[in-house]
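I have placed the structure first, in the form of structure tokens, so that the comments after it can refer back to it.
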Amino acid sequence: MTLEELMRRAGLWRAGEAPLEGGLSTGFSVLDAILPGGGWPRLGLIEILTSQPGIGALRLILPALAALSRLPRWLIWVAPPHRPYAPALQAAGIDLTHVLLIDRTEASGPTAGCVPRAPPATLSTCWSWRRAAEGEFWAFEQALRFPECGAALWWPAHLEALALRRLQLACEAGGSLGILFRPVECANQASPAALRLSVQPIVATPEVQVRVLKCRGSLRARECRLFL
Amino acid sequence: MNSVENNTSLQALIAPLKPVVRLHSRSAPALCVQPAASRLWLAIHLPRFTLDMATRGNTEPQACVLVDGQGTRQRVTLVNAEAARLGIRIGMPLGAAHALGEVLPFMRVPAAEQQALAQLCAWAYQFTPMVVPVAPDALVMEVRGSLALFGGLAGLLARLRRELRQLGFNALAFGSAPTPIAAIWLARARHSTPVETLAALPAALSQVPIDVLNLTPKLQQDFCGIGVRTLGDCLRLPRESLARRFAPALLLELDRALGRQPDPRPAFKLPQVFSSRIDLLWEIHHVQALNIAMERLLSELAGILRAQVASVRGLRWRLYHADGSSSDYPLTLVEPSADALHLLRLSREHFLRRSLASPVRGICLEAADFEHRPANPSGDLFAGRQGSQGGTETWPRFVERLRARLGGKALQQLTAFPDHRPERAGDTQTFDGTRVQRAAASGPESSPRWRERPLWLTRQPLPLPECDGRPNLDGPLHLDGERERIHSGWWDGGEVARDYFIAHNQHGTRLWVFRELASPRGWYLHGIFE
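Respectively, the protein sequence lines represent chains A and B. So the first sequence is numbered by this note's numbering: it starts at 29 and just counts up by one. So the second sequence is numbered by this note's numbering: it starts at 79 and just counts up by one.
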């Protein structure tokens, strides 16, 4: 196959080509300003890599999730590390009637009282980057393929490149956003995701540094500082 | 019950319309009520019914025979295609059949046969409201009124043939005649040319061998003795002597077959539950091997549902294990469905997440509580079809598939409730899927004005070690701002008495921690702000 033939293939994406449609506003003007299309891509995988759990990765996409839930499109959370807290999500503008949790560990019913357990040594241990349980990948992929799903969120520790590719295709088939929260160690792994970001806290400030590792389209800057 | 009435009233509605349609045809039509003579009965004879019942859950061809008799006098009474290929013939001793090849013998179970035939009649009800079972291996139905819908007799036969194959019945013989008995005889004699009028009936029947009468061996011998081999020979005998020398019942049957005597048949009563079972020839260890049996049972159920314009809210699969035990797998649907393909997809997901505890010898499908309304009440004629092709999936189907695979409790919804206790203010509840619960999520205006709340709540408060009066997690935590005291719930047993603080660790992660007011005043982690 000659280079010209290759260039004519529809499935080929060239770096520097702007995405066709405008992006979904992130809710942070600084971040909108650097992302191609002026916001999150409308569909595809977004990988958010963090060095520490709980430093704002979820808050980064919260405005976009709120906008999606009011369209209304479904927000499907697959096996979140902790229970998403309804009052805080509501305060952020998310329509709870369009939030679905897929979790086999969460027991229903109020869990009152404190259960004495061995204290967690670090936050990372109580923030379980656990191995994906059976059925989680399947559920995440099904959610992405479901046309009424706006965004599906998942916290897997380890994923094969092939699995990522499958998820990216599922996003394109369902027209949905797949948001993966992963540890920063995964940055070295090749990924077909539409957008990869890393989020790191800046010492002694309440701000975080957002660095774009990969995106479709041209960037105006590689990183920015955000107050989440 | 209900649907029987519905169907007959539907017939009454359709009947007056017929003359209008026929006005366009040239020949002068019979305008008024259909006379009995213009009925057309279609008989379906399943010559290998018992064997097909026994082998239809099987994926590979296997020679099977039906045997009758005791001990060494066991004789083959029915063979399937594979057994016939080995050279096994009806009437052979079982020992001789075994000598010809590997063959599985079966015995008749009349009760099971009867139930299966009734099930098949219920399935055939989708083609006409007048279905009559004819034990042991045939059914007959009045189809004159249904011909236009199914594209004439040829169209109806093609469809029956195709759908009966799906159910696992490959050996089929059809016969059609103006009387039910004649139709059965023609089917048994494999006389497939339809006989449309009473006048043509004697000629068509005259060539049919008397074997189709299912006579007793004694009578058969008597007929043989006087040289009567076909129904034609039988009809030529004087009526009085036929009644005297043989059986009076036989004369009545012949008269009914020729339409000389009325032959009223009680209409088949539709069962309101479905239960059908397939026994497997071998023990099965993998779920995948159950696929074909599941497909057959579901298409049977779908036919019955179509017949009754009904849908089901749930199914129950029962697996019969080799050790005699059985296990049940109930499957509940979010939305009533009558779509075999959708139910099959769901059932596959349902079984996929389990491995078989012990080898399986049989599978049974049960369904009750038929809902007598179309499965797609939204009125969109094509919505269901699109869904079944996997084009656009509807929300209930999506939820059903997830539930079938992951279990009913895996799907949850978030609920916000105006309560001061953090666990109650934001809880999860199992998502039943039937509809989005508006009440569960009240607007923020109805909840008390809270201070900032974390995005994550730990499923249970996690105890933190204390060091110098401060909680520790990745080193000592810094408490920011003022404490928030939550003391509530003493009235309902879920008492909470805590001082909440916002804390941050050395990496800047903000945490929601509390200290119990009661002794021993332990520190706990309860939320993460992000």
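Ideal placement from N, C-alpha and C gives every residue a C-beta, glycine not left out. Computed from a prediction, not measured in an experiment: that's the story for all the values here.
In the structure shown, the three-state DSSP call for F165 (chain A) is helix. The criterion of a C-beta distance shorter than 8 Å is not satisfied by D570 (chain B) and R593 (chain B). When DSSP states are grouped into helix, strand and coil, D406 (chain B) belongs to the strand group.
DSSP, read as helix, strand or coil, puts K347 (chain B) in coil. Only residues of its own chain outside the window of five on either side were considered, and among them R499, E573 and V574 have a CB closer than 6 Å to the CB of G567 (chain B), listed in chain order.
Residue range V574 to H582 is occupied by the beta strand (DSSP E) that includes D577 (chain B). A distance below 8 Å between beta-carbons, with the five flanking residues on each side excluded, links P171 (chain B) to the following residues of its chain, in chain order: T150, R151, Q152, R153 and V154. Between L242 (chain B) and L250 (chain B), the C-beta gap is smaller than 8 Å, which places the two residues in contact. P229 (chain A) sits buried, since 16 or more C-beta atoms from the chains shown fall within 10 Å of its C-beta.
The beta carbon of P211 (chain A) sits closer than 8 Å to those of L77, T78, S79, W157 and A185, all from its chain and outside the five residues before and after it, given in chain order. Residue contact check for I606 (chain B) against chain A: a CB pair falls below 8 Å. Contacts between T493 (chain B) and chain A, judged by CB atoms closer than 8 Å, involve A114 and L124 in chain order.
In this structure, DSSP gives I62 (chain A) a helical state, which the three-state scheme calls helix.
Assignment of F592 (chain B) by DSSP, reduced to helix, strand and coil, places it in the strand class. For Q237 (chain A), the nearest beta carbon of chain B is not closer than 8 Å to its own beta carbon. In summary, E162 (chain A) is exposed, with fewer than 16 beta-carbon neighbours lying within 10 Å of its beta-carbon over all protein chains present. At least one C-beta of chain B is nearer than 8 Å to the C-beta of L86 (chain A). For R394 (chain B), the closest of B:P139, B:S404 and B:A400 by C-alpha to C-alpha distance is B:S404.
Close partners of F509 (chain B) in chain A (Cβ separation under 7 Å): L128. Fewer than three beta-carbon pairs drawn from the region 188-201 of chain B and the region 157-166 of chain B are found closer than 8 Å, and the two stretches are therefore not classed as touching. In this structure, DSSP gives I370 (chain B) a helical state, which the three-state scheme calls helix.
DSSP places P175 (chain A) in no beta strand (DSSP E); its state is neither H nor E. Look at the region 171-199 of chain A: the residues with a C-beta under 7 Å from a C-beta of chain B are F174, P175 and E176. Among the residues facing chain A, R483 (chain B) is included, as its CB has a counterpart in that chain under 8 Å away. Among the bridge pairs identified by DSSP, C302 (chain B) is matched with none. Counting of Cβ neighbours within 10 angstroms places R599 (chain B) among the exposed residues, the total staying below 16. Residue B:W590 holds the alpha-carbon nearest to the alpha-carbon of R563 (chain B) among B:L489, B:R338, B:A216 and B:W590. Shown in chain order are the members of the region 531-550 of chain B whose Cβ falls below 9 Å from a Cβ of chain A: R531, P532, L533, W534, L535, T536, R537, Q538, P539, L540, P541, L542, P543 and N550.
Boundaries of the beta strand (DSSP E) around H556 (chain B): H556 to S566. Ranking B:F247, B:L245, B:L225 and B:N248 by CA distance to the CA of S254 (chain B) puts B:L225 first. Using a CB distance cut-off of 8 Å, R210 (chain A) does not count as an interface residue toward chain B. Between G65 (chain A) and G245 (chain A) the beta-carbon gap is near 6 Å, inside 8 Å, which marks them as a contact.
Of the candidates B:N550, B:Q140 and B:W534, B:W534 places its Cα closest to the Cα of P112 (chain A).
Between L430 (chain B) and L409 (chain B), the gap from beta carbon to beta carbon reaches 8 Å or more. DSSP places E75 (chain A) in the strand class (E or B) of the three-state scheme. Contact annotation for W166 (chain A) against chain B: R483 [CB-CB distance below 8 Å, chain order].
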